[in-house]
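Line by line, the protein sequences give chains A, B and C.
Those letters in the first sequence? Residues -13 to 358, by the numbering used here.
Those letters in the second sequence? Residues 10 to 336, by the numbering used here.
Those letters in the third sequence? Residues 5 to 342, by the numbering used here.
Scroll down for the structure; my scribbles are underneath it.
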Amino acid sequence: MAASITPVIMPKWGLEMREGTIAAWLVDEGARIAVGTPILDVETDKISNAVEAPDPGLLRRKVAQEGETLPVKALLGVLAEPEVGDAEIDAFIAAYEVPAASEDGDEGPALYQWVEVDGLRVRYARRGPDSGVPVLFLHGFGGDLGNWLFNLDAMAEHAPAIALDLPGHGQSDVRLPGTTLAELAGFVARFLAAIDVECAHLVGHSMGGAIGAQLALDQPGLVASLALVNSAGLGDEINADYINGFVRSASRRDLKPAVELLFADPSLVSRALLDDLLKYKRLDGVTELLEALSASLFAGGRQAQSPGRGLEGKDVPVLVVWGAEDRVIPAAHAKNAPAGATVEVLGGAGHMSMMERANEFNSLLRRHVMAR
Amino acid sequence: MPASPFPLGKNELLQVYRTMRTIREFEDRLHVDFSRGDIPGFVHLYAGEEASAAGIMVHLGHGDRIASTHRGHGHCIAKGVDVMEMMKEIYGKKGGSCHGKGGSMHIADLSKGMMGANGILGAGAPLACGAALAAKFRGKNEVAISFVGDGASNQGTFLESLNLAAVWNLPAIFVVENNGYAESTSRDYGVAVDSYVDRAAGFGLPGITVDGTDFFAVYEAAGEIIRRAREGGGPALLECKMVRFHGHFEGDAQTYRGAGELDDIRANQDCLRKFSAAVTGDGLISAAELKSIDTEVLKLIEEAVKEAKAAPLPTAADLTTDVYISY
Amino acid sequence: MARKISMKQAINEALDQEMTRDPSVIVLGEDIVGGAGGDGERDAWGGVLGVTKGLYAKHGDRLMDTPLSESAYVGAAIGAAACGMRPVAELMFIDFMGVCFDQIYNQAAKFKYMFGGKAQTPVVIRAMVGAGFRAAAQHSQMLTPLFTHIPGLKVVCPSTPYDTKGLLIQSIRDNDPVIFCEHKNLYGFEGEVPEASYTIPFGEANIVREGKHASIVTYGLTVHRALEAAVTLAKEGIEVEIVDLRTLSPLDMDTVLESVQKTGHLVCVDEAHPRCNIAADISAQVVQQAFGALKGPIQMVSAPHCPVPFSPVLEDLFIPSGAQIAAAVKRTLAWGKH
Chain A
-13 MAASITPVIM PKWGLEMREG TIAAWLVDEG ARIAVGTPIL DVETDKISNA VEAPDPGLLR
47 RKVAQEGETL PVKALLGVLA EPEVGDAEID AFIAAYEVPA ASEDGDEGPA LYQWVEVDGL
107 RVRYARRGPD SGVPVLFLHG FGGDLGNWLF NLDAMAEHAP AIALDLPGHG QSDVRLPGTT
167 LAELAGFVAR FLAAIDVECA HLVGHSMGGA IGAQLALDQP GLVASLALVN SAGLGDEINA
227 DYINGFVRSA SRRDLKPAVE LLFADPSLVS RALLDDLLKY KRLDGVTELL EALSASLFAG
287 GRQAQSPGRG LEGKDVPVLV VWGAEDRVIP AAHAKNAPAG ATVEVLGGAG HMSMMERANE
347 FNSLLRRHVM AR
Chain B
10 MPASPFPLGK NELLQVYRTM RTIREFEDRL HVDFSRGDIP GFVHLYAGEE ASAAGIMVHL
70 GHGDRIASTH RGHGHCIAKG VDVMEMMKEI YGKKGGSCHG KGGSMHIADL SKGMMGANGI
130 LGAGAPLACG AALAAKFRGK NEVAISFVGD GASNQGTFLE SLNLAAVWNL PAIFVVENNG
190 YAESTSRDYG VAVDSYVDRA AGFGLPGITV DGTDFFAVYE AAGEIIRRAR EGGGPALLEC
250 KMVRFHGHFE GDAQTYRGAG ELDDIRANQD CLRKFSAAVT GDGLISAAEL KSIDTEVLKL
310 IEEAVKEAKA APLPTAADLT TDVYISY
Chain C
5 MARKISMKQA INEALDQEMT RDPSVIVLGE DIVGGAGGDG ERDAWGGVLG VTKGLYAKHG
65 DRLMDTPLSE SAYVGAAIGA AACGMRPVAE LMFIDFMGVC FDQIYNQAAK FKYMFGGKAQ
125 TPVVIRAMVG AGFRAAAQHS QMLTPLFTHI PGLKVVCPST PYDTKGLLIQ SIRDNDPVIF
185 CEHKNLYGFE GEVPEASYTI PFGEANIVRE GKHASIVTYG LTVHRALEAA VTLAKEGIEV
245 EIVDLRTLSP LDMDTVLESV QKTGHLVCVD EAHPRCNIAA DISAQVVQQA FGALKGPIQM
305 VSAPHCPVPF SPVLEDLFIP SGAQIAAAVK RTLAWGKH
């Protein structure tokens, strides 16, 4: 009986991940590890991240080799107490079958769904249980729902998790309902209505945070709680070099230095990440749309509005998470969180803290959402 | 003032004369300067053929396009290309029609509807079909004219274009400037049919043959087929039988000509003399008026040569510019 | 990302979207609609391989079937471009360039330069290229070098449906004459393509696969042959980087040189014949600009110096194979070793 054998398996980061490559083992066979210890570095073509120990235990066997590429849910290693014999572990490994990789369409609900809001076609993803107050993830300027690739499935284990491509972003129609935070927030409210959601926990990154804060002010009944991640709307400064560099770069070479500003570790910017961004930016109308949006929200490196500061004295529970090395919006803005908010500034992370410190972020978010 | 018995009023006749005289003096001056070694490359002179260019171009505006031949100076001048710029171009200078990058065989001015002289014989015919196609889409009753010589009238491009224009009912006019020689080869040798009207008919187009040294004959025939094309009546072919006074190219000894042929055509086939005689004979225009135009034209040509000689040369920096719009 | 369509559908979609957006875009060619003048169906073919099918219903007489006279209609497309339209002329097979090459290389290519900068010829000439269809010597050539050689022309040869749609839209919007090469053997190849319109700039190669041991530079069908070689080589621990040139003129030498700096070993693969082809061009440029980075002699893998044969067994030997490419990689890696 394989009672105390715990498999360590290849995670699924993001809706499209099919396989990952073992970059490095971080612990040795025979090491005792606690829950949450990073034990492997895994690379996908999009990004790298660490796989954490799912349970406490003794690492008995490394199954995957460094440099090997394996499908999602493949067996990477085995945790088991010393009493479990090697033969049993061998048998477990031999018998382990990777659950059949679901091709497009086989996985139950489709990866993405579409809804029309005010004549504007919006792409979104919905994961997790059918009941419970949903968590709505709002990406930032120039981003898309894929920014939440390390967070969506993690949240979906506890609550319905929804992420959309804002208008003019990702695969949603290249059109804006307006360029002010109020207009964008109003659109998000109508999106929620269109997918029959009456109330949601909002999680907003960067510009998405400002939109979330604006919505909390305009339609408080819609917002169960607010999580602001490296958020706009809590201060004046924003890095104009980043915004302009991002919007105006037409080639991979020009775009790379701008995108590197997003991360504390620039080596996280892979070729695939840049290619995906370029493919988006090359869609007709995107550059003009981003110019219009940035001119309205971030002209001259100053944020035009501060809905985050307007949350003072409001009833909504607020979590503020920042990466200490944010080069786009200064981490100092976290101090402007409303009184009573939970504020966490994570070391070793930049503007994309929900990616760079995904595991810690997911824990913080889970606690914030599940406490309601 | 007596009314004009001609299809054109007095001022228009004077303008036509000026055009033809400008072509004549431009070409004759090049003939002299080329022999002195002043001019690089090849030039092919239009002197003697003026009535064709003038008789046709007088019916056209800037929206009408023409595609010319290697012997394109006359077409350029009649279409309104700037004479000063043309001379600079022939001298290979900056400020020339093509900033010295094209030369005599490639002078163009798209703003005047002149799609270029062409070093490839017959190449202009498909281009003119394209201009006619664009005119059809534009819907302003504009036309396009392709000039070829008797030699180029054998090129596949020309023959394909006759068919294409007929099949698509394009407002395209094909003008065969038959001066009797394809370089040194006589038309009689190189062209199997005697009449270009028959060749046109073979391709399903109407054709007219006129004496190309008679301005009024050209004017009338061209007017009719251009009007027809503007009204959607489709393409046609116009043969202008004419003579060229100089060689195929400058430097051509013309030993292929018969004895006394050159003297004879200059004496008896000079379209300018015929035109002058016609308009002064009636009393409508005086010889003095024509003479005064002659003087002005000579002055213009002298100015053009002086300016061309003084104009700056292109520099090494100009060598690789304008290959693309963007690269 | 998005839905999957074939290269053929990508071409159709690009033409459709541009014709919708810009009324000056017209499409001409032999049988691109089909059935002209007869008693049967109009849009009978939509092109000899159905690439332009369905466009006539949407855009009507802006699609024009032409008589069998390449000089005339390719020239007409060029003339119309010089007069402000944006024609897309189809040269059914690039092998037919012989009967209209003057219009392309002496006229369209040279107007801007000869006329002192005062001309614009925004014409696209689409043509099928390449072997593998058993279409034999006169319908199977990869004549990209002949066009790449000519100043004033731009030459594009995509290898994926995504690149095809973006580059064709870019070609139509570009103001210079563009020769757009479509590999007939990739028409059915499917890939993810956004529904929206988008462009890809010229002069930007794509790194299809990253690797540190050797660089393979190629374009068109042989990109896929290089990918096959990569799989075999990976089993032996050799990781190759594959650079898909996408546009041959303008050419992205920067990406090629960066790759060679990284790997030190270069294999250029070209379906065109070996004399004066793209592989030879790139090899010479790399030697001149990055000699110090090379750790072994550059290998050129191309079709042989013979016309494309008919018999399938021979034609299959004609096109550079994954095995030939892998062997070339190993040859340059082995240089100096025993």
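Glycine is no exception: its CB is placed at the ideal position from the N, C-alpha and C atoms.
Because the structure is a prediction, the values reported are computed rather than measured.
A distance below 7 Å between beta-carbons, with the five flanking residues on each side excluded, links Arg239 (chain B) to the following residues of its chain, in chain order: Asn150, Val152, Pro180. Counted as a single uninterrupted DSSP element, the beta strand (DSSP E) harbouring Ser34 (chain A) occupies residues 34 to 38.
Taking 8 Å as the cut-off, the beta carbon of Lys32 (chain A) is found no closer than this to the beta carbon of Ser339 (chain A). Counting only the Cα atoms, Leu190 (chain C) lies some 26 Å from Gly39 (chain C). Glu240 (chain C) is outside the set of residues whose beta carbon lies under 8 Å from a beta carbon in chain A. Scanning C:Ala113, C:His153, C:Pro27, C:Ile183 for the CA closest to the CA of Glu94 (chain C) turns up C:Ile183. Taking Ala284 (chain C) as the centre and dropping the five residues before and after it, the same chain places the C-beta of Met304 closer than 7 Å to its C-beta, in chain order. If you draw a straight line from the Cα of Lys102 (chain B) to the Cα of Lys315 (chain B), it comes to about 12 Å. Within the segment 85 to 97 of chain C, the residues whose Cβ lies closer than 8 Å to some Cβ of chain B are Ala85, Ala86, Cys87, Gly88, Met89, Pro91, listed in chain order. Flagged as an interface residue toward chain C: Glu169 (chain B), by a C-beta distance shorter than 8 Å. Considering only C:Gly268, C:Arg279, C:Ala307, the residue with the shortest C-alpha distance to Val290 (chain C) is C:Gly268. For Trp(-1) (chain A), there is no enclosing alpha helix (DSSP H), as DSSP marks it with neither H nor E. Here the alpha carbons of Val273 (chain C) and Lys12 (chain C) stand approximately 24 Å from one another. The Cβ of Ala278 (chain A) sits no closer than 8 Å to any Cβ of chain C. By alpha-carbon distance to Leu322 (chain B), the top candidate from B:Glu34, B:Gly46, B:Glu59, B:Lys110 is B:Lys110.
Per DSSP, the beta-bridge partners of Asp274 (chain C) are C:Ser306. Note on geometry: alpha-carbon atoms of Leu65 (chain A) and Trp11 (chain A) lie some 14 Å from one another.
Annotated three-state conformation of Glu29 (chain A) is strand, per DSSP. Against chain C, a Cβ distance below 8 Å from Ser237 (chain A) picks out Pro205, Glu208. Look at His115 (chain B) here: in three-state DSSP terms it is helix.
Per the Cβ contact rule, the segment -6 to 3 of chain A is in contact with the segment 128 to 141 of chain A (3 or more Cβ pairs under 8 Å). The segment 216 to 231 of chain B makes no contact with the segment 190 to 202 of chain B; the number of CB pairs closer than 8 Å stays below 3. Here DSSP, grouped into helix, strand and coil, assigns Met96 (chain C) to strand. Approximately 5 Å separates the beta-carbon atoms of Leu203 (chain A) and Gly296 (chain A); this is inside 8 Å, confirming the contact.
Distances from the CA of Lys216 (chain C) to each of C:Lys299, C:Cys87, C:Pro91, C:Gln107 were compared; the closest alpha carbon is that of C:Lys299. According to the DSSP secondary-structure assignment, Pro24 (chain A) is paired through a beta bridge with A:Glu38. For the options A:Gly219, A:Ser211, A:Asp182, the alpha carbon positioned closest to that of Ile197 (chain A) is the one of A:Gly219.
According to DSSP, Leu56 (chain A) shares a beta bridge with A:Gly6. Taking the Cα of Pro181 (chain C) as reference, the smallest distance to any Cα among C:Phe193, C:Ala200, C:Phe206, C:Ala330 is reached at C:Phe206. The shortest C-alpha to C-alpha distance from Arg7 (chain C) to any of C:Gly64, C:Tyr166, C:Gln292 is the one to C:Tyr166. If you compare the alpha carbons of A:Arg109, A:Gly22, A:Ala17 with that of Ser158 (chain A), the shortest gap goes to A:Arg109. In the DSSP secondary-structure assignment, Arg288 (chain A) is bridged to A:Glu223.
Within the same chain, Cβ atoms closer than 7 Å to the Cβ of Pro313 (chain C) are found at Glu319, Phe322, the five residues on either side in sequence being excluded. The beta carbon of Phe105 (chain C) sits no closer than 8 Å to any beta carbon of chain B.
Straight across, the Cα-Cα distance linking Phe43 (chain B) with Glu259 (chain B) is about 7 Å. Excluding five sequence positions before and after Pro215 (chain B), the CB atoms of its chain that fall closer than 7 Å to its own CB belong to Ala209, Ala245, given in chain order.
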